[in-house]
Amino acid sequence: ARSRRASAAASASASSHPPGGVAEWIETNLPDAGAVTRSISLGGSGWAEFSSHETESGAKYFAKTSRRDAEMFIGEGAGLSALHATATLVIPRVYHAGSLPEGSREGRSFIVMDHLDFGARGDQAEFGASLARMHLAEPAVAEARDDGMFGFSVNNTIGDTPQPNAWGSDWVEFFREKRIRHQLKLARDSTLSELGEAVVENMPRWFAPCGEIRPSILHGDLWSGNIGTVGGRPSAFDPAVYYGHSEAEFGMSWCAGFTQAFYDAYFEVNPKTEEHFEERRKLYQLYHYLNHYNLFGGGYKGTCVDIMKSLADR
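Going by our numbering, the sequence shown opens with residue 694, and the numbers climb by one from there.
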């Protein structure tokens, strides 16, 4: 589902498919699609290869393969399926995520989903309203829907960083332990750890005005590179899904390009809790800045320090 972002280089495969590969899986497990008539390489990322597969029926599928084990694809597949179930944003249907047969020339793991033709970002107000409806949708996973729990059914990744999602009943505790302290442990930096502890001590006060927080499904990594349209309708891809406080979705707003029209439309559908909103916004951004520091280093540490100093005094 990422053809818009993949490499422009594409090459058609031969008519016979490599044994144990994606095309063979499609023909075996999606019989209504018919034979795969064309497979096209769409480049890749640092750890996965992308491809598109056309079939006799006209159905078209997007796949990723990797030399890594299946854990990352299983997490991605579960997240996309939970997002798809909300019927709000356009999200590809996932057909399978798992391991390839041993010895497959295409790698160790794969994921297959509908191929979607992503276009440029559309109307920001429409995207904001659709995102708010997604956050208000009934959770597809029982732990969140029936028990009001926060987390997800599998662990996944935020970028290349492991993101633990073990279920928890208290949102403040979940975000403190599974998000902020998790990133601080990965950073192994005494300055960040000391400031971070001062920040998390203040968290209960910032969330008190919110009352009972209901678990919303979160895309989890919503920045400009993961937002687009399909047939003119708002869409998002490459998620890091879990169930949490809806405001946490704005943690990547510093590189998402959201306009005032987006926020106005969002809060018209899902009203804002004004008191301590700014502190919560900074806290949610801190998680992603810490993650960027752990991934890329450099100047992100200074940004983390600035945010934590401002929050420690509030």
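Backbone N, C-alpha and C fix where the C-beta goes; we use that ideal spot for every residue, glycine too.
In this text, all values refer to a predicted model and were calculated from it rather than measured experimentally.
Would you mind sorting residue i into buried or exposed? The rule is 16 or more other CB atoms within 10 Å of its CB.
i	result
Ser750	exposed
Arg761	exposed
Glu769	buried
Cys997	buried
Pro712	exposed
Arg872	buried
Arg695	Low local confidence applies: a pLDDT of 46 at Arg695 is under 50, so the model's placement there is unreliable, and no value is given.
Would residue i and residue j qualify as a contact pair, given that the criterion is a beta-carbon distance under 8 Å?
i	j	result
Gly889	Leu879	no
Ile906	Met827	no
Val783	Leu773	no
Ser744	Ala756	yes
Val892	Ala1005	yes
Arg814	Gly921	yes
Glu799	Gly714	yes
The beta strand (DSSP E) that contains residue i, what's its start and end?
i	result
Pro855	Thr854 to Gln856
Val892	Run containing Val892: none in the beta strand (DSSP E); it sits in the alpha helix (DSSP H), Ser883 to Phe900.
Lys994	Premise fails: Lys994 lies in the alpha helix (DSSP H), Tyr993 to Ala1005, not in any beta strand (DSSP E).
Leu802	One point to set straight first is that residue 802 is Ser, not Leu, in the sequence displayed. Run containing Ser802: Ser802 to Asp807, per the beta strand (DSSP E) assignment.
From the options, pick the residue whose C-alpha is nearest to that of residue i; which is it?
i	options	result
Ile1010	Lys994, His746 and Tyr935	Lying outside 694 to 1007, the shown extent of the chain, residue 1010 is not represented and no answer is given.
Ser823	Ala763, Leu776 and Ile873	Leu776
Arg898	His981, His969, His789 and His808	His969
Ile767	Thr758, Thr779, Ala790 and Thr748	Ala790
Val962	Ala901, Gly992, Ala818 and Arg838	Ala818
Ala674	Ala825, Tyr754, Ser792 and Arg926	Shown here, the chain extends from 694 to 1007; a query on residue 674 therefore has no answer.
Pro964	Gly821, Arg874, His875 and Met765	Gly821
Ser862	Gly937, Ala752 and Gly950	Gly937
Tyr977	Gly990, Asp999 and Phe943	Phe943
Leu829	His808, Thr779 and Asn895	Thr779
Measuring only from the beta carbon, is residue i closer than 7 Å to any heavy atom that is part of the ligand ZN?
i	result
Val847	Judged by which ligands are present, the structure shown has none, so any question about the ligand ZN falls away.
Going by DSSP, what residue range makes up the alpha helix (DSSP H) through residue i?
i	result
Asp762	Looking at the DSSP string, Asp762 is not in any alpha helix (DSSP H), and its letter there is neither H nor E.
Ser862	Counting along the chain, Ser862 falls outside any alpha helix (DSSP H), and DSSP gives it neither H nor E.
Ala790	From DSSP, Ala790 is part of no alpha helix (DSSP H) but of the beta strand (DSSP E) over Val787 to Ser792.
Check your understanding: Which parts of the segment 711-751 are runs of the beta strand (DSSP E), unbroken and 3 residues or longer, counting only runs that do not cross its ends?
Key -> The segment 711-751 is shown to contain whole beta strand (DSSP E) runs of 3 or more residues at 729-737 and 741-748, in chain order.
**Study point:** Contained alpha helix (DSSP H) runs [length at least 4] in the segment 903-964, N- to C-terminal order
**Key:** 953-962
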